[in-house]
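These notes are about the structure you will find just below.
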Amino acid sequence: MAPVRVSFAADGTDAPPGRTEVGTGTATRPQGWDELVAELEIAPTDIVVTKRQWGAFHGTDLDVRLRRRGVTAIVLGGIATSIGVESTARAAHEHGYHVTLATDAMADRDADSHRHSITKIFPLLGETATTEEILALLAARD
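In structure tokens:
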């Protein structure tokens, strides 16, 4: 498993630069906003990634850590569907990974953006399925 968290310095100096209509990453955030939830049950062998951009590959060592373990396929879920998940899916596809997207394990603040990513973008980047369908396929392989 490779859980990914997003985090920035308190002053936002390492947040994505540039002007946007919704502002940059310098907002004040509550204590612990960037901590991964205990329910993930992260193991010592898991690859924990801290990203400072939309996608989990840009500016991180995720690709090299996956390749060194012989990983060729990844299953994605997370938030926000149309930003973090989509950016990571695009990069994974560009890096040559087989991408599966767990469509019921992601969410977005905008329902239309979520639906667009799932129905229009993700089928171009990989396979889509529910977590139940993915788990059934993995169980059948073993």
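In full-length UniProt numbering, the protein residues as written are 1 to 142. A virtual CB, placed ideally from N, CA and C, is assigned to each residue, including glycine. Keep in mind it's a predicted model, so treat the numbers as computed, not measured.
Taking the alpha-carbon of residue i as reference, which of the options has the nearest alpha-carbon?
i	options	result
Thr60	Lys51, Arg67 and Arg68	Lys51
Glu35	Ser7, Gly12 and Asp11	Ser7
Is residue j closer than 8 Å to residue i when the C-beta atoms are compared?
i	j	result
residue 147	Thr100	Residue 147 lies beyond the range of the chain shown here (1 to 142); nothing can be said about it.
Val48	Pro3	yes
Gly55	Thr81	no
Tyr97	Ile74	yes
Ala107	His114	yes
Val111	Phe57	Here residue 111 turns out to be Ala, not Val, going by the sequence shown. Contact: no.
Glu86	Ile121	yes
Quick one: what's residue i bridged to in DSSP?
i	result
Thr131	Per DSSP, none; premise fails for Thr131.
Arg90	Answer by DSSP bridge pairing: none, since Arg90 is not bridged.
Ile79	Ala107
Val4	Val49
Leu62	Bridge partners of Leu62: none, in fact.
Could you give the DSSP three-state label for residue i: helix, strand or coil?
i	result
His95	coil
Arg67	helix
Arg115	helix
Ala10	coil
Ala73	strand
Ala38	helix
Ala139	helix
Does the beta carbon of residue i sit closer than 8 Å to a beta carbon anywhere in chain B?
i	result
Gly70	No chain B appears in this structure, which consists of one protein chain only.
**Q.** Contact between the stretch 93-112 and the stretch 121-136 (3+ Cβ pairs under 8 Å)
**A.** In short, these stretches touch, since the Cβ pair count reaches three.
Q) Are at least three pairs of beta-carbons, each pair with one atom in the stretch 64-81 and one in the stretch 25-40, less than 8 Å apart? A) The answer is no - the stretch 25-40 does not touch the stretch 64-81, with fewer than three Cβ pairs under 8 Å.
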